[in-house]
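Residue numbers (the working numbering), protein chains in the order written: chain A, 248 to 816; chain B, 248 to 816.
Structure below.
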């Protein structure tokens, strides 16, 4: 069943190809894969990058907006990078471009919709960059690499897998895909091309693995339409539909169902308006303008004539749906009779926020339909276990590398591969930062391990938040801060007045006068340890902080961040 | 089908009964229900309290350990309170006793296991209180109330529903239940008693509703045993089992399966050791001591001879399982071949923490089985839609009041009731704080609305964290704090030296010298607004804070908490 390693019979036997995942290993998002060709083991010749996505902060990353891949490894190799290939237009595959492209400054390639979504994304950050639209029928030659785009079905149109030929062997880059035989846009996964690539011999299949734990095949996008039809027919008031704003096919279905039921469509929320705008101009979304109503014209229609397609399926603060639920939207109020349809699963970590939003909509009178309790209101864009097995069957790759999933899912993927006859050494389960090296002679090994850090975006800052800042945020979040101000005479080095205590997020100061008085005594005692002129202020400061911490913990069982400030006067 | 309102034919027609949920409405936890009897509308005669549980903080309640019901309403009525009845031993039904009982100081009642678990809980807080064990065969007379305990199946033994007779009518308090026909302890839900109560006439059924969105009946606890058997037989190394530490029946099953497969049992983690200890002494858990091994003796056995029953199914920091996964447990390390079984669903909000823990266990070599991907590894203790319908059918109550669920679930419950023939005015959907009043003449209405607040527990503090402190924590969590220290001459009122800027959780100060220098200029400019002697320091302080906030937002797009401190010298 399984091909022998595809040997490099023409090239030199010393050459190697290294796959360096700078994101996307042990992780569903933040996808960035480096394909590095070396003509000799010590000579980096050419680098190709696949995808450039953002990740989302975990709960401990207080205040962080986004996480991007750590490209430290690439910094001294920029002149070897031949380009960035984008597989599709989702944030976790294109979202880091505004931060990383200005550093690398290399050509970017993608299918038509992907390229345009990336360009709009870059424009939002003030970057005017042309993204190259590839020709699906001719492999892209880029350095020593040849890249064929193979169309796959996913939850966004124009998604592709990549068949990458290198001097060391052929690789199949199987990022996000499923086998949807009745896709909304009619464009099925090009199984014939995948099979042909398999026939040519594939050294390694990199495969999406996030849904490996779900048996069977992922259902077609098509089945949702019937559910939507039923919901809209049972809606006496406004029909309010929300999904991920990148889910163009889903939005198309909501549009079709609305028009069929004689409702006008209103798009609400920046990212939906933007994505639908791009997709409409490129004809990836189709409707007649006469059915679209602007937000300020909503009042001209009866509730039963309206269908709102809105942002906020993850209960993002300030999204259209959140504002509608909170009763602060400029044009829309929830009324008894309205139906709200969530056609998206909550992203892990957002479950509570989504449930709170659903509750608020319910209290205000809406009937809410959401995928957790109702089948066929959302289907995943990712293949389930059998989709993944089918991909292995089509590619017949010599080695397998599950990507875009947690370590738990990678492990489940490997179990599936073993059941299909793969040997342990054919399934690669690298840890984050590990580099996989393929030699022309057919060897595969973990070559080295990079130490990757989380590059965090906070406001305008890229990577300026590190672990110290985060740790302080965590402490202040759960315990608050107590600031002690000690005035110190500049010339004599003596404490000139009683220290002052200020706190935030710790306790109601006004109701805790006794505690604060006692704390002051602790501080004064700590200051007395060194009589007379204080020269080693650092030492005393540490003493004050330590003693105050001990005292406050004893009294309150809380450990606020303590900050002693000396003011030289 | 539905009984007419059960009229109070003996008592006076002026009497009323008010149900005041101080927790548990629109909320799964924090259960505390007040039954208040008034012989005349303006005369509170007697109060009975059912349950006294804790709630769990939501994501915005940074640093808060627990939330307890707000008993402000009861404070001036303590001499009317006849007692607290506990339905079962779960935290969300007994956990607030240590905080509330010392205030109310009234008798507490429960079944044997519930009473002992409550006593242990109180002892942990240094309170020596005897909880009265009720007699299941004789209704408890308490003031004008008569309370019959009806045994129900749930995820803890000795759980009860209450049939409460009052001078105004009969009430069925149907807190957490399911109809498990093959419970581990053999004690089925007493459907005969429920039906008899129904026959006597029930004015209102208060019913658990949290699983109303799931069709059918909740499966029996029994089915899990087969799954556990399969897992333990496929485990070449240590078998590690985790569930909620209160889930005594589940722990019994893990014990049985372990003994049957010739493994020694080790209990790890304080709450499991404590709960199993109480249950073992009362014979709610049964095993022979010879199968139990202490943690320090683990090394005497081969991995394949061990079964560890551990705390940490919700990935609580410092729980036994978290410490094992992190490699810092004193006696246990994860090895290839170990199997870890999660027999509990993640509590909403803890999903990510649980997934991270599973990933860590997997990376360390364990195979992890958990209920999200494997059927029959966990069943809920709560009844699904048909269980809830059956309860309505048995009680045939005149009115329905869904409790212990979110508003969304209450609404689904009402839909189910309408489908069963109930009228809109028979299903009560109060908002949090609303008081439901039943009159002897058969009227039901929302009488008034209390303004309930979240009473938050943080360390040793009860209710000393309010919204201001929380808001500061939220700001510091996401944006950090910037402190400006301005030395001011006490006698002249002049600024004596350059202001100093200190920050925590905001930015790396050392790498942001330019920003800090610019910020100082902004501060100095703000101080100059008032030339010479500064008398209205409050005004200047606000100016400094406002200008600095504007400057920092412009430069960084972050809004740290800004605190200007004046030091009088």
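Every residue, glycine too, gets a C-beta built ideally from N, C-alpha and C.
- Shown here for residue 618 of chain A: same chain residues with a beta carbon closer than 6 Å to its own, the five before and five after excluded, namely 592, 624, 625 in chain order.
- Here the stretch 396-413 of chain A makes contact with the stretch 485-497 of chain A; the two share three or more CB pairs at distances below 8 Å.
- The Cβ atoms of residue 694 of chain B and residue 262 of chain B do not sit closer than 8 Å to each other.
- Interface annotation for the stretch 714-742 of chain B against chain A: 716, 719, 720, 723, 724, 725, 726, 727, 728, 730, 732, 734, criterion Cβ-Cβ distance under 7 Å.
- Against chain B, the CB of residue 625 of chain A has no partner CB under 8 Å away; the residue lies outside that interface.
- Beta-bridge pairing by DSSP links residue 548 of chain A to no other residue.
- Using a Cβ distance threshold of 8 Å, residue 277 of chain A and residue 371 of chain A do not count as a contacting pair.
- Annotation for residue 730 of chain B: 749, 810 place their beta carbon closer than 6 Å to its own, counting only its chain and skipping 5 residues before and after.
- Inclusion of residue 367 of chain A and residue 331 of chain A in the CB contact set at 8 Å is not warranted, their separation being larger than that value.
- Out of A:753, A:343, A:461, A:467, the CA that lies nearest to the CA of residue 429 of chain A is found in A:467.
- Residue-level contact by beta carbon fails for residue 765 of chain B and chain A, as no gap is shorter than 8 Å.
- Taking residue 658 of chain B as the centre and dropping the five residues before and after it, the same chain places the C-beta of 676 closer than 8 Å to its C-beta, in chain order.
- In this structure, the alpha-carbon of residue 377 of chain B lies about 23 Å from that of residue 282 of chain B.
- Residues 511, 513 of the same chain have their beta carbon placed closer than 6 Å to that of residue 540 of chain A, with the five preceding and five following residues left out of the count.
- At a cut-off of 8 Å, the C-beta of residue 283 of chain A has no neighbouring C-beta in chain B.
- For residue 753 of chain A, the nearest beta carbon of chain B is closer than 8 Å to its own beta carbon.
- Taking the Cα of residue 290 of chain A as reference, the smallest distance to any Cα among A:264, A:480, A:722 is reached at A:264.
- At a beta-carbon threshold of 9 Å, none of the residues of chain A lie near residue 268 of chain B; the nearest stands roughly 16 Å away.
- Considered as a whole, the stretch 458-545 of chain A harbours 486-489, 511-515 as its complete beta strand (DSSP E) runs of no fewer than 3 residues, in chain order.
- Proximity of residue 317 of chain B to chain A, defined by a Cβ-Cβ separation below 8 Å, is not satisfied.
- Under the 8 Å criterion on CB atoms, residue 295 of chain B is classed as non-interfacial with respect to chain A.
- Of the residues A:387, A:427, A:436, the one whose Cα lies closest to the Cα of residue 412 of chain A is A:387.
- Assigned with DSSP and collapsed to three states, residue 667 of chain B falls in coil, not helix or strand.
- Looking at B:333, B:785, B:364, B:798, the one whose alpha-carbon comes closest to that of residue 770 of chain B is B:798.
- Look at residue 803 of chain A: its C-beta is under 8 Å from a C-beta on chain B.
- The continuous stretches of beta strand (DSSP E) do not include residue 608 of chain B, which lies in the alpha helix (DSSP H) extending over residues 598-610.
- Secondary structure of residue 359 of chain B (DSSP, three-state): helix.
- The shortest CA-to-CA distance from residue 581 of chain B to any of B:294, B:483, B:504 is the one to B:483.
- When 7 Å is used as the limit between beta carbons, residue 356 of chain A is near no residue of chain B, the shortest such separation being about 31 Å.
- Residue 391 of chain A is positioned such that its CB atom lies no closer than 8 Å to that of residue 280 of chain A.
- Residues of the stretch 464-486 of chain A with a Cβ closer than 9 Å to any Cβ of chain B: none.
- Nearest to residue 716 of chain B by C-alpha distance, out of A:672, A:773, A:716, A:751, is A:751.
- Counting the other CB atoms within 10 Å of its CB gives residue 267 of chain B a total of 16 or more, which places it among the buried residues.
- By the criterion of a C-beta distance shorter than 7 Å, residue 447 of chain B is surrounded in its chain by 417, once the five residues flanking it on both sides are discounted.
- One Cα belongs to residue 734 of chain B, the other to residue 753 of chain B, and the distance between them is close to 23 Å.
- One alpha carbon belongs to residue 643 of chain B, the other to residue 359 of chain B, and they sit about 29 Å apart.
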